[in-house]
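Notes for the one structure printed next.
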Amino acid sequence: MLSVMHLAQLNIAHMRAPVDSPELAEFVALLEPINTIADEAPGFVWRLKESEEDPTATVVHEYGDHLLINFSVWESRETLWNYVYRSPHLGVLRRRREWFLRMAEPYIVMWWVPEGHIPSLAEGMRRLERLKADGPGPEAFTFNAFYDSSEAVSLPAAAEARK
Numbered sequence: 001m002l003s004v005m006h007l008a009q010l011n012i013a014h015m016r017a018p019v020d021s022p023e024l025a026e027f028v029a030l031l032e033p034i035n036t037i038a039d040e041a042p043g044f045v046w047r048l049k050e051s052e053e054d055p056t057a058t059v060v061h062e063y064g065d066h067l068l069i070n071f072s073v074w075e076s077r078e079t080l081w082n083y084v085y086r087s088p089h090l091g092v093l094r095r096r097r098e099w100f101l102r103m104a105e106p107y108i109v110m111w112w113v114p115e116g117h118i119p120s121l122a123e124g125m126r127r128l129e130r131l132k133a134d135g136p137g138p139e140a141f142t143f144n145a146f147y148d149s150s151e152a153v154s155l156p157a158a159a160e161a162r163k
């Protein structure tokens, strides 16, 4: 029996200033409406939230100052693609250089997870490190170097997540 796989994605961004600074005020004001669009998008499964009560609360990771985390799970590549590039999110994405530093290394990673599995932030960071170290493969990839779920379903990580 084939298991249904969902697409996990993690992306990080180095903010140009602290999240509560005037330089990021417009970005912070856009968080709630953009996150609402994600939460209501077809194919959306889950996203990491800092706070259920404060939609503008951002997830900051211990790996560095001003590191913003976006971490979510989607039903498919198409549903994630449609949210990223065919919704009002695209307008915010186009303005990312106003709020975030350009990154020389990979800052987004995707991988397949069995339906119902919610990956941990540590798992996401390991996947990003794997992509940086080894390049794209079935266990860590990007939109540009994409791997189908059929290539990931038999990997040890997928089997471990199903336990």
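Its first residue numbered 1, the sequence shown is counted upward by one per residue in full-length UniProt numbering.
Don't be surprised by glycine CBs; every beta carbon is placed ideally from N, CA and C.
DSSP three-state call for Arg47: helix, strand or coil? Counting from 1 along the sequence shown, the entry for residue 47 is found at position 47. The answer is strand: DSSP assigns Arg47 an E or B state.
Length of the line joining the Cα atoms of Val109 and Met15: Looking up residue 109 in the sequence shown gives position 109. Looking up residue 15 in the sequence shown gives position 15. Those two C-alpha atoms are separated by around 18 angstroms.
Could you check whether the region 31-44 touches the region 85-93, counting it as contact only if at least three pairs of C-beta atoms, one from each stretch, sit closer than 8 angstroms? yes
What are the boundary residues of the alpha helix (DSSP H) that Met125 is part of? As a working mapping, residue 125 is identified with position 125 in the sequence shown. Note, Met125: alpha helix (DSSP H), Leu121 to Asp134.
Compare the Cα-Cα distances from Leu93 to each of Leu48, Ile12 and His66 and report the closest residue. For the purposes of this step, residue 93 is taken as residue 93 along the sequence shown, with counting starting at 1. Comparing Cα positions, the closest option is Ile12.
Is Phe100 near the ligand MG, judged by its Cβ being under 7 angstroms from some heavy atom? This structure simply doesn't include the ligand MG, nor any ligand for that matter.
Does the region 106-122 come close enough to the region 132-142 that 3 or more CB-CB pairs lie under 8 angstroms? yes
Go through its chain and collect everything with a Cβ distance to Leu101's Cβ below 7 angstroms, but skip five positions before and after it. Along the sequence shown, one-based indexing puts residue 101 at 101. Cβ neighbours of Leu101 beyond the five flanking positions: His14 and Arg16.
Whole-angstrom C-beta distance between Leu10 and Thr124, which should lie under 8 angstroms: The sequence position of residue 124 within the sequence shown is 124, counting from 1. The sequence position of residue 10 within the sequence shown is 10, counting from 1. The identity of residue 124 in the sequence shown is Gly, whereas the question assumes Thr. With a Cβ gap of about 4 angstroms, Gly124 and Leu10 count as contacting.
Exposure of Phe71, with buried meaning 16 or more beta-carbon neighbours within 10 Å: Against the sequence shown, residue 71 aligns to sequence position 71. Phe71 comes out buried.
Nearest CA to the CA of Ser3: which residue from Ser120, Thr79 and Glu115? One-based indexing of the sequence shown puts residue 3 at position 3. Closest option to Ser3, Cα to Cα, is Glu115.
For Leu7, three-class secondary structure by DSSP: Against the sequence shown, residue 7 aligns to sequence position 7. Reduced to three states, the DSSP call for Leu7 is strand.
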